[in-house]
Amino acid sequence: MKKTISAVLLGGLVLGLVGAANAQVPGTKLPGGAVVPNLTGIWERAEGIRFNPTNQPPPFNAEYAAKFKATTAARARGEVIADPTSRCLPQGMPRFMVASYPLEILQTAGQVTIIAEWSSQVRRIFTDGRKLPPADEVDITFNGYSVGRWEGQTLVVETIGIRGDTSFDATPLEHSDQLTVSERIRLTDPKTIEDVITVTDPGAFTQPWVVTRHYKRGGPGLQIMEYVCEENNRDIILPGQKTTP
Numbered sequence: 044m045k046k047t048i049s050a051v052l053l054g055g056l057v058l059g060l061v062g063a064a065n066a067q068v069p070g071t072k073l074p075g076g077a078v079v080p081n082l083t084g085i086w087e088r089a090e091g092i093r094f095n096p097t098n099q100p101p102p103f104n105a106e107y108a109a110k111f112k113a114t115t116a117a118r119a120r121g122e123v124i125a126d127p128t129s130r131c132l133p134q135g136m137p138r139f140m141v142a143s144y145p146l147e148i149l150q151t152a153g154q155v156t157i158i159a160e161w162s163s164q165v166r167r168i169f170t171d172g173r174k175l176p177p178a179d180e181v182d183i184t185f186n187g188y189s190v191g192r193w194e195g196q197t198l199v200v201e202t203i204g205i206r207g208d209t210s211f212d213a214t215p216l217e218h219s220d221q222l223t224v225s226e227r228i229r230l231t232d233p234k235t236i237e238d239v240i241t242v243t244d245p246g247a248f249t250q251p252w253v254v255t256r257h258y259k260r261g262g263p264g265l266q267i268m269e270y271v272c273e274e275n276n277r278d279i280i281l282p283g284q285k286t287t288p
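Written as C-alpha cells, this is what we have:
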C-alpha cells in the first residue's frame, strides 16, 4: 500500500532539523564560498505563454506524436479541444512556470515558495537537506513534490509525483504519468531569472526535452492579486470533449 506524503514529510522534518545549518536563506555562505542569491520578489515571464518559446514540439514517441498530430488537425478544422484549466483545474507542473500572470518567490529557512497569481496556485520547493522519496511513496498531485539544493548560485530542483492529465500549455501537448521535471534556476543579472527546465517522460518522449525560460523582476508596486477562477469561467468543457463553435 502506498504511503501518504504525510509520512514522507515526517521523515523530512527530521532531515530538516539535521540540516538546519543548511537552511540556505539569501546570504547564506555555501561550501566553496558561494553565497545564496536573493530570488525573493515578483517575477514576470519574458517569453510567451507557449511552454517552449521556439514553438518546437517535444521529442514525442510514435504514440504521442500521432495523438498530437490528430489533435492539431482537429483544431485546424475548427474543433474546440478541451483545456483542463477551462474547468478551473490547476495548470500543474511544468505549466505552472509559464503562468499568464506574475509569479512571487519567497525564500525562507528550508523552503523556496513560488506563488502563481493564476488560480492562486502555490508550489513548495524543500531546501532543508531532504532527499527525494521513492516515487511510490509520493501522492500524485498537480504540482508534484519538489526538492531543491544550491549548487553555487544555481537552485537545482527535482520534481516528481506529477499528474498525467495536465498539459504543457494551451496547445495539445500531452504527457504521461511518468513525467518528471528537473530545473536549474539562477539569476543572470539582478533583474533576470533563467530557468533551464528538463522534462523527462519515458511514457511519451524518446529523450529528455530541455526548455529555457526567463523571467523579469517586477517593478515597484507590482503585487500578486487574488484570482478566483470559479467566478470567471469562460468555457465549461470536459477533458476530452470536443465541440464546434
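Residue numbers are given in the working numbering: position 47 of the sequence shown equals residue 90, and the series is strictly consecutive.
Glycine is no exception: its CB is placed at the ideal position from the N, C-alpha and C atoms.
Count the other CB atoms within 10 Å of the CB of residue i; is the residue buried (16 or more) or exposed (fewer)?
i	result
A247	buried
D232	exposed
Y144	exposed
Q196	exposed
Q250	exposed
E226	buried
Q67	buried
Q266	exposed
A109	exposed
R120	exposed
I92	exposed
V155	buried
M268	exposed
D179	exposed
P127	buried
P69	exposed
A113	exposed
A116	exposed
When the Cα of residue i is compared with those of the options, which residue comes out closest?
i	options	result
F103	G91, Q67, L149 and H218	H218
A213	G76, A117 and I124	I124
E80	L230, V239, M268 and T249	The amino acid occupying residue 80 in the given sequence is Pro; Glu does not appear at that position. Among L230, V239, M268 and T249, the Cα nearest to that of P80 is on L230.
G204	L222, K72 and T97	L222
K174	E160, Q164, T202 and P74	T202
K259	E87, G70 and L73	E87
L146	E160, P137 and P127	E160
G75	E194, I92, T83 and G121	E194
T83	I236, V141, P245 and T209	I236
V224	G262, E274 and M140	M140
G261	V165, I168, K234 and D244	K234
T71	R192, D238 and Y270	R192
Give me the DSSP bridge partner(s) of residue i.
i	result
G84	I148
F248	F103
R229	E237
W193	L198
F169	Q154 and V190
Q24	Residue 24 cannot be examined here, being either before or after the span of the chain that is shown, 44 to 288.
T128	According to DSSP, which records beta bridges pairwise, T128 is partnered with nothing at all.
E217	S210
I267	The partner list for I267 (beta bridge, DSSP) is empty, contrary to what the question assumes.
T243	T223
Spatial neighbours of residue i within its chain, please: C-beta separation below 6 Å, excluding the five flanking residues on both sides.
i	result
V19	In the structure as shown, the chain begins at 44 and stops at 288. Residue 19 is therefore absent and cannot be evaluated.
L211	Inspection of the sequence shows that residue 211 is occupied by Phe rather than by Leu. Counting only Cβ-Cβ distances below 6 Å, and skipping sequence neighbours, we find F94 and R138.
G207	S219 and D220
A142	A159 and W161
Which same chain residues, not among the five before or five after residue i, have their C-beta less than 7 Å away from its C-beta?
i	result
N98	none
E90	P96, R256 and H257
Within its chain, find whatever has a CB closer than 8 Å to the CB of residue i; leave out the 5 residues flanking it on each side and keep chain order.
i	result
L216	F94, P100, P101, F111 and S210
(message) Tell me whether the region 126-135 and the region 184-191 touch, counting them as touching only if at least three CB pairs, one residue from each stretch, are closer than 8 Å.
(response) Result yes; three or more Cβ-Cβ pairs closer than 8 Å.
(request) Kindly confirm or deny that the region 72-89 and the region 142-157 touch, where touching means at least three C-beta pairs closer than 8 Å. (result) By the criterion of at least three beta-carbon pairs nearer than 8 Å, the region 72-89 is in contact with the region 142-157.
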